[in-house]
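Here is the structure we will look at, set down as structure tokens.
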Amino acid sequence: MTNTTRLTVAQALVRFLARQWTERDGVEHRLIAGCMGIFGHGNVAGIGQALAEQGAGTRDPLPYYPARNEQAMVHTAAGYARQSDRLSTLACTSSIGPGATNMVTGAALATINRLPVLLLPGDLFATRVASPVLQELEDPRSYDVSVNDCLRPVSRFWDRVNRPEQLPAALLGAMRVLTDPAETGAVTLALPQDVQAEAYDWPGELFARRVWHVARPVPEPAALARAVELLRGSRRPLIVAGGGVRYSGACAELARFAERHGVPVAETQAGKGALPYDHPCAVGAIGHTGTRAADTLAREADLVVGIGTRFGDFTTASRTLFRQAGFLNVNVAAFDAAKHAAETLVADAREALKALGAAFGDVDWRADPGWTGRAAGLAAAWQAEIDRFYGGTELTQPVVLGVLNEVAAGGVVVNAAGSMPGDLHRLWRASDPGQYHVEYGYSCMGYEIAGGLGAKLAAPEREVFVLVGDGSYLMMAQEIATAVQEGVKLVIVLVDNHGFASIGALSESVGALRLGTAYRRRGPGGRLDGERLPVDLAANAASLGADVLTAADPRTLRAALAKAVASFRTTVVHVETVPGPAPAAEAWWDVPVAEVSGIAEARAARERYDEAKRDQRPYL
152 MTNTTRLTVA QALVRFLARQ WTERDGVEHR LIAGCMGIFG HGNVAGIGQA
202 LAEQGAGTRD PLPYYPARNE QAMVHTAAGY ARQSDRLSTL ACTSSIGPGA
252 TNMVTGAALA TINRLPVLLL PGDLFATRVA SPVLQELEDP RSYDVSVNDC
302 LRPVSRFWDR VNRPEQLPAA LLGAMRVLTD PAETGAVTLA LPQDVQAEAY
352 DWPGELFARR VWHVARPVPE PAALARAVEL LRGSRRPLIV AGGGVRYSGA
402 CAELARFAER HGVPVAETQA GKGALPYDHP CAVGAIGHTG TRAADTLARE
452 ADLVVGIGTR FGDFTTASRT LFRQAGFLNV NVAAFDAAKH AAETLVADAR
502 EALKALGAAF GDVDWRADPG WTGRAAGLAA AWQAEIDRFY GGTELTQPVV
552 LGVLNEVAAG GVVVNAAGSM PGDLHRLWRA SDPGQYHVEY GYSCMGYEIA
602 GGLGAKLAAP EREVFVLVGD GSYLMMAQEI ATAVQEGVKL VIVLVDNHGF
652 ASIGALSESV GALRLGTAYR RRGPGGRLDG ERLPVDLAAN AASLGADVLT
702 AADPRTLRAA LAKAVASFRT TVVHVETVPG PAPAAEAWWD VPVAEVSGIA
752 EARAARERYD EAKRDQRPYL
């Protein structure tokens, strides 16, 4: 007779999650490293009770971390997953109703960025005996709809466990997707509150230690041969390194391939740091937020080799950048590999680069020497530009980044939205792939502090520097309290320019007159152009438990950052920046402009827009 253990569904869930591991290249990691949660009706008597019952002596306990906002805790899980190269993540549990719907934005961020997170929202009564319950969304078309159905389109796997017998299959399906590099993203298991508390006799094998082997798919031989022929015919190739290079641990193979064949390497936001900034083949950021070096080469390349990138519109400059090139795409996901009518090499990035290197054998194909030399010259010129932007005497945003880049050697910089991702992409000198942590797939304001918390939980040995603008700070700063509570030390650089600088500039460029982008009272004419709002962000950070330092110039900023690094406590360095020189976009971004308008600036912007649209390619 099979050994069984009588537990509630929630208790079985917690025990199962604590016994899941990943393995790649012989190294094992906890798959679910902990559970974040905010408790209410719908999960407090189920998952909350199960986490509390584990006790200090429980075998393989599942650590619990508090949170202040459900969206933020999913960001923390995503930050953890990214810093762990997708081999480990956190689970997130919420009550029904607003707790569940708050997680939708975080789930979208995780799925868009191909990051594994596990969501465990509470749900209605499966028995429906008490309907409608508090916070229930009643749908007259069906009694089987709840707000958790909002999570379906932003999840890579979604299931509702209406009976205890359904739990094992749901759990195995969830773990499969979390550990599949081609399929991963947000995974949702909706858990009716009565089912969570229901007891069942579970087979012992459900709780056996299970290791999920993270695959490294190798290239199909015929596809590899086609890729080699395409490369042999190229004189001006350009590699575009995306996040897949980092997640597969392919950076060393990328360096060897680029050096051997003289191929310049540009980086997406997710791929930044794939090569050290001073590597002889590195030409920096590409696309709308790219460097002059990379974008110039992109316009002249005859072949673009995308490795682990999904080719977002910022990377392709809304399909205006690669004017002469064909595409060879290396990606573990066939969906991404097939973009832009490319020749596809569906494989793990590291294994693909190894196979390509071996396939050339004695035929030492190299890019045209003039092309390789031109790339090196353009890259050196851009490094001189970085020195110029970093070297100012006032606290412009580039100067703040320059001081931080100096102090943060060996640390991790975290950012997400506003104007800073563009400046970081162009200017930041990344020395290793784990140092640069900018979420730009969803570009989600509010990710920064929560994502930084996840990065620090995943890499406690590294200093984590969170760069957050005042706009993002006001959206989601409360996880400072979580960091303080858990004793997780962050250095938060709060860059305050009293408004939405990035969207303000975009607003002005499309003739929207910076409407709603400054933190000001209404003036005499009824517009938002009066006095600055008396908002004290430094005082707010202190009220959440952080130490707060201020800086007024590069010298005091350097001193404040040094003090923050030396501290054992979460420290916020508050910096009011001033307008000043910043690198301009080297490539276009498609933001439609009003076709007719009574505003002269909008009409002029539309003329520029129509002209730029002529350069768009279908990439057929």
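Numbering (my numbering), first residue to last: 152 to 771. Just so you know, even glycine gets a beta-carbon here, dropped at the ideal spot from N, CA and C.
Excluding the 5 residues flanking H576 on each side, which residues of the same chain have their C-beta closer than 6 Å to its C-beta? Q420, A436 and T440
Where in the segment 581 to 613 do unbroken runs of the beta strand (DSSP E), each at least 3 residues long, occur, reported from the N-terminal end onward? 587 to 589
Can you look up E746 in the DSSP assignment and give me helix, strand or coil? coil
Taking 8 Å as the cut-off, does the segment 557 to 568 touch the segment 752 to 764 (at least 3 CB pairs, one atom from each stretch)? no
Keeping to the same chain, check which residues put their C-beta closer than 7 Å to that of G324; ignore five residues upstream and five downstream. F308 and D310
State the DSSP-derived secondary structure class of S623, mapped to helix, strand or coil. helix
I need the straight-line Cα distance from T159 to P368, nearest angstrom please. 38 Å
With DSSP collapsed to three states, give me the class of P520. helix
Could you check what DSSP says for S282 in three-state terms: helix, strand or coil? coil
Contact check, G257 vs Q205 under 8 Å by CB: the rounded distance? Not quite, the Cβ-Cβ distance comes to about 25 Å (not below 8 Å), so this is no contact.
What do you get for S694, buried or exposed, if any count of 16 or more other CB atoms within 10 angstroms of its CB means buried? exposed
May I ask which residues mark the beginning and end of the beta strand (DSSP E) holding L496? E494 to V497
Counting only the same chain and skipping the five closest in sequence on each side, list residues whose C-beta sits under 6 Å from that of D352. T155 and R157
At what residues does the beta strand (DSSP E) containing L270 begin and finish? V268 to D274
Helix or strand or just coil, what does DSSP make of M152? Annotation note: pLDDT 46 at M152 (below 50); position unreliable, coordinate value reported separately. Coil.
Counting C-beta neighbours from all protein chains within 10 Å, is the total for M152 16 or more, i.e. buried, or is it exposed? Residue placement at M152 is poorly supported in this model, since its pLDDT is 46, which falls under 50; the coordinates are not used for a value here.
How is the beta strand (DSSP E) around G435 delimited, first residue to last? A433 to A436
If you draw a straight line from the C-alpha of L357 to the C-alpha of A320, how long is it? 10 Å
Residue closest to Y770, alpha-carbon to alpha-carbon, out of I654, V481 and A493: A493
Work out the CA separation of G562 and E637 for me, nearest whole Å. 20 Å
Among all the DSSP beta bridges, which residues are the ones paired with E418? A392 and A436
Contacts around R501, its chain only, beta-carbon distance under 8 Å, and the 5 residues preceding and following it disregarded: R367, S399, G400, A401 and E404
In the DSSP assignment, the beta strand (DSSP E) including P343 goes from what residue to what residue? A337 to P343
Please report the straight-line C-alpha distance between A201 and P212, rounded to a whole angstrom. 11 Å
Mind checking who Q171 pairs with in its DSSP beta bridge? R361
Find out if the Cβ-Cβ distance for the pair T721, V619 is shorter than 8 Å. no
Less than 8 Å separating the beta-carbons of G508 and R411? yes
By the 10 Å Cβ neighbour count, where 16 or more other Cβ atoms means buried, how is R181 classified, buried or exposed? buried
Assess, as a yes-or-no matter, whether the segment 243 to 261 is touched by the segment 182 to 200 under the definition of 3 or more beta carbon pairs within less than 8 Å. yes
Alpha-carbon spacing of A628 relative to T227, whole angstroms: 13 Å
CB A392 to CB G459, shorter than 8 Å? yes
Within 10 angstroms of its Cβ, does T544 collect 16 or more other Cβ (buried), or is it exposed? exposed
Span separating the alpha-carbon of N264 from that of R175: 21 Å
Which same chain residues, not among the five before or five after D515, have their C-beta less than 6 Å away from its C-beta? none
If distances are taken between C-alpha atoms only, which option among P734, H364, N313 and A510 comes closest to A177? Checking the displayed sequence, the identity of residue 177 turns out to be Gly instead of Ala. If we check each option's Cα against that of G177, H364 comes out closest.
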